[in-house]
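One structure is given here, and the rest of the page talks about it.
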Amino acid sequence: MDHIRNFCIIAHIDHGKSTLADRLLEYTQTIKITEGQMLDDMELERERGITIKSHAIQMEYTFDKEKYVLNLIDTPGHVDFSYEVSRSIAACEGALLIVDATQGVQAQTISNLYMAIDHNLEIIPVINKIDMPNAMPEEVEDEIVDLIGCDPEDIIRASGKTGEGVPEILEAIVKRIPVPKGDVKAPLQALIFDSIFNSFRGIITLCKVDNGVIKKGDKVKFVQTGMEYTADEVGVLKMDMVPTKQLSTGEVGYIISGIKNATEVKVGDTVTHIDTPCKHAIEGFQEVKPMVFAGVYPIDPNDYENLRASLEKLQLNDASLTFQPESSQALGFGFRCGFLGLLHMEIVQERLDREFNMDVITTVPNVSYMVYDKQGNEKEVHNPSGLPDQTMIDHIEEPFIKASIITSSDYIGPIMTLCLDKRGELVSQNYVSGNRLELIFMIPLGEIVIDFYDKLKSISKGYASFDYHIDSFRPSKLAKLDILLNGEPVDALSTLTHESNAVTFGRRMCEKLKDLIPRQQFDIAIQAAIGAKIVARETVKQVRKDVTAKCYGGDISRKRKLLEKQKKGKKRMKQIGNVQVPQKAFLAVLKLD
Numbered sequence: 000m001d002h003i004r005n006f007c008i009i010a011h012i013d014h015g016k017s018t019l020a021d022r023l024l025e026y027t028q029t030i031k032i033t034e035g036q037m038l039d040d041m042e043l044e045r046e047r048g049i050t051i052k053s054h055a056i057q058m059e060y061t062f063d064k065e066k067y068v069l070n071l072i073d074t075p076g077h078v079d080f081s082y083e084v085s086r087s088i089a090a091c092e093g094a095l096l097i098v099d100a101t102q103g104v105q106a107q108t109i110s111n112l113y114m115a116i117d118h119n120l121e122i123i124p125v126i127n128k129i130d131m132p133n134a135m136p137e138e139v140e141d142e143i144v145d146l147i148g149c150d151p152e153d154i155i156r157a158s159g160k161t162g163e164g165v166p167e168i169l170e171a172i173v174k175r176i177p178v179p180k181g182d183v184k185a186p187l188q189a190l191i192f193d194s195i196f197n198s199f200r201g202i203i204t205l206c207k208v209d210n211g212v213i214k215k216g217d218k219v220k221f222v223q224t225g226m227e228y229t230a231d232e233v234g235v236l237k238m239d240m241v242p243t244k245q246l247s248t249g250e251v252g253y254i255i256s257g258i259k260n261a262t263e264v265k266v267g268d269t270v271t272h273i274d275t276p277c278k279h280a281i282e283g284f285q286e287v288k289p290m291v292f293a294g295v296y297p298i299d300p301n302d303y304e305n306l307r308a309s310l311e312k313l314q315l316n317d318a319s320l321t322f323q324p325e326s327s328q329a330l331g332f333g334f335r336c337g338f339l340g341l342l343h344m345e346i347v348q349e350r351l352d353r354e355f356n357m358d359v360i361t362t363v364p365n366v367s368y369m370v371y372d373k374q375g376n377e378k379e380v381h382n383p384s385g386l387p388d389q390t391m392i393d394h395i396e397e398p399f400i401k402a403s404i405i406t407s408s409d410y411i412g413p414i415m416t417l418c419l420d421k422r423g424e425l426v427s428q429n430y431v432s433g434n435r436l437e438l439i440f441m442i443p444l445g446e447i448v449i450d451f452y453d454k455l456k457s458i459s460k461g462y463a464s465f466d467y468h469i470d471s472f473r474p475s476k477l478a479k480l481d482i483l484l485n486g487e488p489v490d491a492l493s494t495l496t497h498e499s500n501a502v503t504f505g506r507r508m509c510e511k512l513k514d515l516i517p518r519q520q521f522d523i524a525i526q527a528a529i530g531a532k533i534v535a536r537e538t539v540k541q542v543r544k545d546v547t548a549k550c551y552g553g554d555i556s557r558k559r560k561l562l563e564k565q566k567k568g569k570k571r572m573k574q575i576g577n578v579q580v581p582q583k584a585f586l587a588v589l590k591l592d
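This is the structure we're talking about:
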């Protein structure tokens, strides 16, 4: 155990942690680097330059003629995956804090750093990208010293591109990161920090052994789910999986036990032996709860079963995706899907398109609300159409988030305005260093769901960084806004919104739909309604044939007779005609501004 070091990397998006990980792997001769970012193996990850699925890999490093085993547990960088990050951190004893020399400390760096400090990890600060012409290592060094209170000498300057500073990082990992604690003779206790789906072997569970030993063929039990399995194979993770006879305390590896269902393996669960179970599970386990919900419908109704199969396969790779069937009058049959956040939703859509060739329509995303009726019963509602009647509702509570925004002082005004427009409350503001400061807001999650992040990036010219955590549910005055076409509600367009902006939102929706719905042979009334009260209306004018063209001269009564005949026909057509809502209309709601 004295020669094992487990560490993770903490960094904001785009601060170069995947590139630096490549350099560490290359220097320890774990793999030959054939192309950039060997750990990000999904096409989407490479394209966007983000880590979606965390990875773990083992390196061997010789220092002072002794061999050390270094386990790198990579973490996703985006806020949507913060629970997975917390479990990866719980499996380590140390962390590399990587800060970009051109950008300085950003919001996610801080939130993940606090998480690592809560778990008592040894932090090794690294300034990356020092080879860049616009690098400012001295200023960034001051920021890091202010943030974690270390000595400037402890900070390693490195470059993932040129490989500078990599030997110093490896030496610091061996010297500074503590040896894993634990008792080999104690009952088995292993923390699951991730799972991978393999179409031949089933779900592969990645775990770190805290106490005890797990051998091939052992009968094991997952504490939170209560399921029992046989460990058919155990091993360590190099670039491929390498089977071994056993995993003992402090080691990181994998267990294959032929599990077919992704929901049986929960990140943060504890693995123990059936015969000699551990007394208590490892702390910190949570059920991953989706925060954003949207309806996903196939464009071709015959693809419904294919969409179900695609979502099931996707769920094998991504256990945090939830879905259940629902139907809509406008869109037919589809699924109500729950996502961890907006990026997660976007990635699921992209993967459905790329990996399964599914063309889907996604409805307006919304969050879950707690609805209390007059008898005092509570009900969780994910979809505005699932709301009870307005007369039955006592009050509705919506989720609030604690948002941390780091920006330079030049953009404070517009950012404050944006957050206050979104019904945010300023909690605190404090300077990180120089002219950069952190603003903490409490904002309703429902306000952030649609276009908050895009707006924040555009008003700060891309410089503000944003991170959030779910805080609590609070009572709110919400109204259900329905869109009616010729008096018929289109359920896929209904939204829950705050009373104060329901009228303006309804008006803007009607104006937008007027441009998007093609003209028919009869007038189409587009109305926005709150309950029985119509708050906005637009009309798409009918397409008319000029029936009086053949009358030249003669009596006016002939023309009038033809026009009356046409009017009757239009009226009859309106009664039986139905309006097709184009797909663009559903997407337009997301981009109202």
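Mind the numbering: the sequence shown is residues 0 to 592 in numbering that gives the first Met the number 0, read in order.
Even glycine gets a Cβ: it sits at the ideal position worked out from N, Cα and C.
- request: Compute the Euclidean distance between the alpha carbons of alanine 293 and cysteine 336, then round it to the nearest angstrom.
  value: The residue labelled residue 293 in the question sits at position 294 within the sequence shown. The residue labelled residue 336 in the question sits at position 337 within the sequence shown. Rounded to whole angstroms, alanine 293 to cysteine 336 spans 6 Å at the Cα level.
query: How big is the Cα-Cα spacing for alanine 478 and methionine 114?
result: The count along the sequence shown starts at 1 and reaches residue 478 at position 479. The count along the sequence shown starts at 1 and reaches residue 114 at position 115. Near 37 Å, if we compare the C-alpha coordinates of methionine 114 and alanine 478.
query: Using DSSP with H/G/I as helix, E/B as strand and the rest coil, what is lysine 378?
result: Start at 1 with the first residue of the sequence shown, and residue 378 comes out as number 379. Residue state, collapsed to three classes: strand.
task: Sort out for me which residues DSSP pairs methionine 441 with in a bridge.
output: Start at 1 with the first residue of the sequence shown, and residue 441 comes out as number 442. In DSSP, methionine 441 forms a bridge with Lys401 and Glu424.
task: Tell me whether the beta-carbon of lysine 421 lies closer than 9 Å to the beta-carbon of isoleucine 447.
output: Here residue 421 refers to the residue found at position 422 when the sequence shown is read from its first residue. Here residue 447 refers to the residue found at position 448 when the sequence shown is read from its first residue. Taking 9 Å as the Cβ cut-off, lysine 421 and isoleucine 447 qualify as a contacting pair.
- request: Return the CA-CA distance between isoleucine 9 and leucine 425, expressed in angstroms with no decimal places.
  value: Reading the sequence shown from its first residue, position 10 is the one you call residue 9. Reading the sequence shown from its first residue, position 426 is the one you call residue 425. So the two alpha carbons sit approximately 27 Å from each other.
message: Can you tell me where the alpha helix (DSSP H) holding threonine 503 begins and where it ends?
response: Residue 503 sits at position 504 when you count from the first residue of the sequence shown. 498–515 is the span of the alpha helix (DSSP H), which, as asked, contains threonine 503.
- prompt: Taking the alpha-carbon positions, what's the threonine 243 to proline 276 distance?
  reply: As a working mapping, residue 243 is identified with position 244 in the sequence shown. As a working mapping, residue 276 is identified with position 277 in the sequence shown. Rounded to the nearest angstrom, the two C-alpha atoms are 23 Å apart.
- prompt: Using the rule of at least 16 other Cβ atoms within 10 Å of the residue's Cβ for burial, across every protein chain shown, is proline 124 buried or exposed?
  reply: As a working mapping, residue 124 is identified with position 125 in the sequence shown. It is buried - the Cβ of proline 124 has at least 16 other Cβ atoms within 10 Å.
- request: Take glutamate 377 and list the residues in its own chain whose beta-carbon comes closer than 6 Å to its own, dropping the five residues that flank it on each side.
  value: Start at 1 with the first residue of the sequence shown, and residue 377 comes out as number 378. Here the set comprises Met369 and Tyr371.
Runs of beta strand (DSSP E) wholly within the stretch 159–225 (minimum 3 residues, chain order): 188–197, 201–210, 212–214 and 218–221
message: Can you tell me whether tyrosine 551 is helix, strand or coil according to DSSP?
response: Translated into the one-based positions of the sequence shown, residue 551 becomes position 552. In this structure, tyrosine 551 counts as coil in the three-state DSSP scheme.
task: Report, in whole angstroms, the separation of the C-beta atoms of arginine 353 and phenylalanine 192, which I expect to be a contact under 8 Å.
output: Translated into the one-based positions of the sequence shown, residue 353 becomes position 354. Translated into the one-based positions of the sequence shown, residue 192 becomes position 193. Contact doesn't hold; Cβ gap of about 27 Å is too wide.
message: Pop quiz: tyrosine 467 and lysine 401 are said to be a contact at Cβ under 8 Å. What is the actual Cβ separation, rounded to whole angstroms?
response: In the sequence shown, residue 467 corresponds to position 468, counting from 1. In the sequence shown, residue 401 corresponds to position 402, counting from 1. Sure, about 7 Å apart at Cβ, within 8 Å.
query: Could you give the distance in angstroms between the alpha-carbon of threonine 494 and the alpha-carbon of methionine 508?
result: As a first step, residue 494 must be located in the sequence shown, where it is residue number 495. As a first step, residue 508 must be located in the sequence shown, where it is residue number 509. For threonine 494 and methionine 508, the distance between alpha carbons rounds to 11 Å.
task: State the DSSP-derived secondary structure class of valine 264, mapped to helix, strand or coil.
output: Taking the first residue of the sequence shown as 1, we reach residue 264 at position 265. If DSSP states are grouped into helix, strand and coil, valine 264 belongs with coil.
- request: Could you pull the start and end residues of the alpha helix (DSSP H) that serine 459 belongs to?
  value: Within the sequence shown, residue 459 is the residue found at index 460, counting from 1. That residue, serine 459, is in no alpha helix (DSSP H); it is neither H nor E in DSSP.
- prompt: Which whole-angstrom value is the C-beta distance of lysine 128 and threonine 101, which I expect to be below 8 Å?
  reply: If you number the sequence shown from 1, residue 128 lands on position 129. If you number the sequence shown from 1, residue 101 lands on position 102. Contact flag correct, Cβ pair sits at about 6 Å.
query: Residue range of the beta strand (DSSP E) that isoleucine 126 falls in?
result: For this step, residue 126 is matched to residue 127 along the sequence shown. Taken as a continuous stretch (DSSP letters only), the beta strand (DSSP E) holding isoleucine 126 covers 121–127.
message: Among Asp450, Gly252, Lys218 and Arg571, whose alpha-carbon lies nearest the alpha-carbon of aspartate 209?
response: What you label residue 209 is simply residue 210 of the sequence shown in a count that begins at 1. Nearest C-alpha to aspartate 209: Gly252.
field: Assigned secondary structure, histidine 343 (DSSP; H/G/I helix, E/B strand, else coil)
entry: Here residue 343 refers to the residue found at position 344 of the sequence shown. Of the three classes helix, strand and coil, the one that applies to histidine 343 here is helix, per DSSP.
Presumed contact (8 Å Cβ cut-off) between tyrosine 296 and isoleucine 360, rounded CB distance: Residue 296 sits at position 297 when you count from the first residue of the sequence shown. Residue 360 sits at position 361 when you count from the first residue of the sequence shown. Tyrosine 296 to isoleucine 360, Cβ: 5 Å. Contact.
query: Where alanine 89 and methionine 135 are concerned, what is the direct C-alpha to C-alpha distance, given to the nearest angstrom?
result: Working through the sequence shown from its first residue, we reach residue 89 at position 90. Working through the sequence shown from its first residue, we reach residue 135 at position 136. Each residue's Cα considered, the two are about 32 Å apart.
query: Nearest-angstrom Cα distance between glutamate 311 and aspartate 21?
result: Stepping through the sequence shown from its first residue, residue 311 is reached at position 312. Stepping through the sequence shown from its first residue, residue 21 is reached at position 22. Using only the alpha carbons, I get a separation of about 33 Å.
field: Residue interval of the beta strand (DSSP E) (run including serine 326)
entry: Taking the first residue of the sequence shown as 1, we reach residue 326 at position 327. Per DSSP, serine 326 belongs to the beta strand (DSSP E) from 321–327.
As assigned by DSSP and simplified to three states, the class of asparagine 365: Position 366 of the sequence shown, counted from the first residue, corresponds to residue 365. Three-state DSSP puts asparagine 365 in a strand.
CA-to-CA distance, methionine 290 to methionine 441, given in whole angstroms: In the sequence shown, the residue the question calls residue 441 occupies position 442. In the sequence shown, the residue the question calls residue 290 occupies position 291. If I take the Cα positions, the gap works out to 16 Å.
message: Once the 5 residues before and after asparagine 434 are set aside, which same chain residues still bring their CB inside 7 Å of it?
response: Locating residue 434 in the sequence shown gives position 435, where the first residue counts as 1. If we look at asparagine 434 and ignore the five residues flanking it on each side, its Cβ neighbours are Ser407 and Ser408.
- request: Over the uninterrupted alpha helix (DSSP H) stretch that includes serine 17, give me the two end residues.
  value: Against the sequence shown, residue 17 aligns to sequence position 18. First-last of the alpha helix (DSSP H) with serine 17: 16–26.
- prompt: Do you know offhand how far tyrosine 60's Cα is from aspartate 73's?
  reply: For the purposes of this step, residue 60 is identified with residue 61 of the sequence shown, where counting begins at 1. For the purposes of this step, residue 73 is identified with residue 74 of the sequence shown, where counting begins at 1. C-alpha separation (whole angstroms): 18 Å.
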